Amino acid sequence: TSTPPPVFIPSATPAPSLTPIPAQPTNTPIPAPTNTPLPAPTNTPLPPPSNTPIPAPTNTPEVIPTSTTIPFFPSDTPTSTPEDVNLQPANN
């Protein structure tokens, strides 16, 4: 059995009034960007490098210090401890 197509019952509510769509906004043309040309860079020529020759290092021979032996001067006055003083013979 085939189902019968649904019956379209018109609704009693009136169709909404179609408010007119406002016209598209006027497309104000975007002003073309003023392409101010970049000033050409002033290529100031680099001064030629003054090739001053690097002076050759003067190879002064390293002075090796002569190992001077420190002379040992024995002290003439013997350091006397109090015990030594007691052992000294008394000068009468």
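Last residue of the sequence shown: 347 in the working numbering, with the numbers rising by one and none dropped. All C-beta atoms in this analysis are idealised placements derived from N, C-alpha and C, irrespective of residue type, glycine included. Here the structure is a predicted model, which means the values were calculated and not measured.
Item	Value
Alpha-carbon spacing of residue 284 relative to residue 269, whole angstroms	43 Å
Alpha-carbon spacing of residue 314 relative to residue 298, whole angstroms	44 Å
Distance, residue 319 Cα to residue 300 Cα	52 Å
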